[in-house]
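Numbering (mature numbering (1 follows the signal peptide of the UniProt record, and there is no 0)), first residue to last: -26 to -1, 1 to 516.
Backbone N, C-alpha and C define an ideal beta-carbon position, used for all residues, glycine too.
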């Protein structure tokens, strides 16, 4: 071979290496969304109401994306009051700047725009977005989020013939401003007026399937006050995913889905060709409210018949046993090409125990809600912004204790300090008769145990330290406890809150500051160039 030929071959190899490098190290794909938020007339329970629409839709547009993609979401607020969107279950790796809650972001003023820049880094699964301010969630403004696995990573079940997103939850006929006035007056909300499935309160909504094929249903409880039970007449549901975790594929006749939670199930259209009821009904409520939709076989010549299937009649034990049956699929891939079970969460020693007890104190003559006796009050400046700009007087670390005090409730802008890369145990304790649901932004956690009664150190003996699921929202049953293990692997100022929105609005929340002294882009993204400034941050240079 001549010297010239060798030179061309070497050059070709060099070019291929360079091109390969670009393929390997190139940026992940982008998806762009342009949203306009407006008021509009809606009739979810047959009564005209003022709803919050996104691009004229209620529920809002569905976000469909793939693991690691970047989402550029331009939001214009055409309401007459400030507005924020948050991303329920999207972990915002190194990026609490985009969390969309009042402790991290200035609200979008009326008539103005803000562009969220998110990356669904190392995530798969079923989630949703929602408006986080001023009880806007009670007026709509929410929508589904689907994060699909990359094509090179197999999922642990055959690809379904189709997918459906179901956004179910309670609803009030009174608009959000009226509900907010009730809470501002120091009172709790009344019981909801009904339930919705995808914005409708009747069986006029249907999902069409072909006989013999299998479909994936992604179900989220987007309500503000009530747990629900979900079921499909005559059909079993195979659970396959919970908030980004592939599960053991158990069959269920019905599923309890608590506030803020999301599930994926596979349903095979293996029954005679007709229409079947899809039902959601309230759980742990004095009066059971229900809403129905329709599973429509494409070759059906017969509508729904008979009464809709009833939900579970027993309360606590049935639901706790079902919750304990949710197990992690240890052989399945997660968003990366390695088994989910490769992270041995139960073999790692926790370095701190945080016990969080909810309560319902009367403070200054008004109904409030608290955690460890502290009822959160917002400041005029987002806590994340104040922390970054070193603005004093906005909050103080340690303003909420690690354990219940047993004392009366008091008002405070509560922030708990935590160390980056710590591994902690959090125990949610509920001494009330009401159902609780807790969410932690920016992090996932392993639900290691739950039971009735009072938690004690001896309760650890019952923990599942091998194959529990990880998720972002956990229920706490009446007069019960739930325990989670949580890796603090995401720097930021993260909202810990009740998913009961009246309780959240009236103080049952706080912020967890996950901190590292190392100022590195590896650990946290810089403040966005388009960050909105408000409160004591106005006029400051980011």
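Inter-residue Cα distance where the pair is residue i and residue j
i           : j           : result
residue 415 : residue 480 : 19 angstroms
residue 376 : residue 458 : 15 angstroms
residue 43  : residue 393 : 28 angstroms
residue 123 : residue 397 : 27 angstroms
residue 229 : residue 202 : 8 angstroms
residue 516 : residue 49  : 22 angstroms
residue 185 : residue 196 : 30 angstroms
residue 443 : residue 216 : 8 angstroms
residue -2  : residue 513 : With a pLDDT of only 38 at residue -2, under 50, the local geometry of the prediction cannot be trusted, and the value read off the model is given with reservation. Each residue's Cα considered, the two are about 38 angstroms apart.
residue 410 : residue 212 : 26 angstroms
residue -6  : residue 471 : Reliability of the predicted coordinates at residue -6 is poor, the pLDDT of 34 falling under 50, and the value obtained from them is presented with this limitation in mind. So the two alpha carbons sit approximately 43 angstroms from each other.
residue 84  : residue 504 : 17 angstroms
residue 209 : residue 100 : 21 angstroms
residue 357 : residue 335 : 25 angstroms
residue 517 : residue 328 : Examination of residue 517 is not possible in this model, given that the chain is present from -26 through 516 alone.
residue 249 : residue 269 : 6 angstroms
residue 247 : residue 108 : 46 angstroms
residue 63  : residue 74  : 12 angstroms
residue 151 : residue 352 : 19 angstroms
residue 279 : residue 267 : 13 angstroms
residue 337 : residue 161 : 12 angstroms
Three-state class that DSSP yields for residue i in the structure shown
i           : result
residue 53  : coil
residue 359 : helix
residue 150 : helix
residue 111 : helix
residue 431 : helix
residue 103 : strand
residue 497 : coil
residue 319 : helix
residue 485 : strand
residue 70  : helix
residue 62  : strand
residue 479 : helix
residue 291 : helix
residue 436 : helix
residue 163 : coil
residue 298 : helix
residue 235 : coil
residue 158 : helix
residue 86  : coil
residue -2  : Residue placement at residue -2 is poorly supported in this model, since its pLDDT is 38, which falls under 50; the coordinates are not used for a value here.
Selection from the options that minimises the alpha carbon distance to residue i
i           : options               : result
residue 163 : 296, 259, 405 and 153 : 153
residue 517 : 68, 81, 192 and 270   : Outside the shown range of the chain, which is -26 to 516, sits residue 517, and nothing can be said about it.
residue 289 : 436, 407 and 470      : 407
residue 424 : 417, 418 and 434      : 434
residue 360 : 278, 487 and 410      : 487
residue 309 : 76, 96 and 364        : 96
residue 166 : 146, 438, 13 and 252  : 146
residue 245 : 276, 296 and 238      : 276
residue 403 : 13, 16, 356 and 451   : 451
residue 125 : 41, 200, 293 and 111  : 41
residue 454 : 233, 291, 395 and 385 : 291
residue 599 : 441, 371 and 322      : Here the chain comprises residues numbered -26 to 516, so residue 599 is not present and cannot be evaluated.
residue 305 : 129, 108 and 400      : 129
residue 94  : 65, 157, 379 and 234  : 65
residue 511 : 465, 178, 221 and 364 : 364
residue 303 : 295, 294 and 313      : 313
residue 297 : 483, 156, 224 and 346 : 224
residue 322 : 170, 478, 258 and 422 : 422
residue 430 : 400, 413, 412 and 116 : 400
residue 341 : 320, 383 and 22       : 383
Inter-residue CB distance, residue i and residue j (contact presumed, cutoff 8 angstroms)
i           : j           : result
residue 265 : residue 240 : 22 angstroms between Cβ atoms; not a contact.
residue 389 : residue 419 : Going by Cβ atoms, the distance from residue 389 to residue 419 rounds to 19 angstroms, so no, they are not a contact pair.
residue 82  : residue 506 : 7 angstroms
residue 134 : residue 190 : 4 angstroms
residue 235 : residue 387 : Not a contact, Cβ separation roughly 28 angstroms.
Residues that DSSP places opposite residue i in a beta bridge
i           : result
residue 274 : Answer is none; residue 274 lacks a bridge partner.
residue 211 : 226
residue 39  : 121
residue 265 : 254
residue 136 : 189
residue 15  : 24
residue 421 : 458
residue 144 : 169
residue 195 : 142
residue 466 : 488
residue 400 : 328 and 458
Within-9 angstroms CB hit, residue i to chain B
i          : result
residue 40 : Checking the listed chains, one finds no chain B in this structure; it contains a single protein chain.
Heavy atom of the ligand NAP within 8 angstroms of residue i beta-carbon
i           : result
residue 491 : As far as ligands go, the structure on display features none, and thus does not contain the ligand NAP.
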